[in-house]
Amino acid sequence: MTDLGGPGNHRARGPGDGPEAVASQIADAVESLTALWSFAAQGASLRLSLHQLRALRTVQAAPGLNLTALAESLDIGLPTASRLCDRLAAAGLLERTPHPDARREVQLRLTAHGQHVLVDVAGRRAQALAAALAAMKPAERTALSEGLRGFLAARDSTSGADGARER
Numbered sequence: 000m001t002d003l004g005g006p007g008n009h010r011a012r013g014p015g016d017g018p019e020a021v022a023s024q025i026a027d028a029v030e031s032l033t034a035l036w037s038f039a040a041q042g043a044s045l046r047l048s049l050h051q052l053r054a055l056r057t058v059q060a061a062p063g064l065n066l067t068a069l070a071e072s073l074d075i076g077l078p079t080a081s082r083l084c085d086r087l088a089a090a091g092l093l094e095r096t097p098h099p100d101a102r103r104e105v106q107l108r109l110t111a112h113g114q115h116v117l118v119d120v121a122g123r124r125a126q127a128l129a130a131a132l133a134a135m136k137p138a139e140r141t142a143l144s145e146g147l148r149g150f151l152a153a154r155d156s157t158s159g160a161d162g163a164r165e166r
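Residues in the sequence shown are numbered consecutively from 0, following numbering that gives the first Met the number 0.
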């Protein structure tokens with residue numbers, strides 16, 4: 000893990016606040032946030048892997064999607080997606096129903112229990128993040144919020160240009 004400049008910073012960095020130095024700091028923050036996210040999810044009533052949680056969130060966002068669409072969304076193979084859904088269905092989190100118009104296709108939907116688990120995980124994650132943010136000074140939270148808005152705006156403007164170049 001990279002170091003955000005605390006004691007014991009042994010990693011050489013680029014000058015000051017240049018893009019490379021900030022990128023390194025962001026990489027560290029993302030690793031920390033990922034750990035916080037994972038730890039908070041493990042406290043939920045049902046322990047699920049990050050892959051399983053991603054699959055449930057994907058189905059939640061697009062109820063009725065089919066197995067092929069789920070596999071593409073998660074960037075995994077169809078057999079892997081099928082086994083993943085088998086495990087989630089066996090745990091009572093996901094149900095497969097026949098597609099009304101295509102008899103060889105199934106639709107994926109969360110069960111009430113699956114919805115409850117996702118709400119539980121989201122709540123735990125929000126609490127863990129709020130606790131970390133509460134430990135920050137108000138000016139730091141404001142700066143973080145402004146920085147994130149700037150980052151998202153810059154990302155959106157560059158991805159629009161990238162999309163134009165791909166066409």
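Heads up, the beta-carbon is just placed ideally off N, CA and C, and yes, glycines get one too.
Between the C-alpha atoms of A170 and A111, what's the straight-line distance to the nearest angstrom? Limits of the chain in this structure are 0 at one end and 166 at the other, which puts residue 170 out of reach.
Near S171, what residues of its chain come up, given a Cβ to Cβ distance below 6 angstroms and the 5 sequence neighbours on each side ignored? The structure shown does not extend to residue 171, since the chain is modelled only from 0 through 166, so no value can be given for it.
Is the stretch 108-125 close to the stretch 76-95, with three or more CB pairs under 8 angstroms? Yes: the two stretches touch, three or more of their Cβ pairs being nearer than 8 angstroms.
Would you kindly check if the distance between the Cβ of L77 and the Cβ of L87 is under 8 angstroms? Taking 8 angstroms as the Cβ cut-off, L87 and L77 do not qualify as a contacting pair.
Going by beta carbon distance, what residues of the same chain come within less than 7 angstroms of S167, once the five residues before and after it are set aside? Shown here, the chain extends from 0 to 166; a query on residue 167 therefore has no answer.
Sort out for me which residues DSSP pairs T96 with in a bridge. Bridge partners of T96: Q106.
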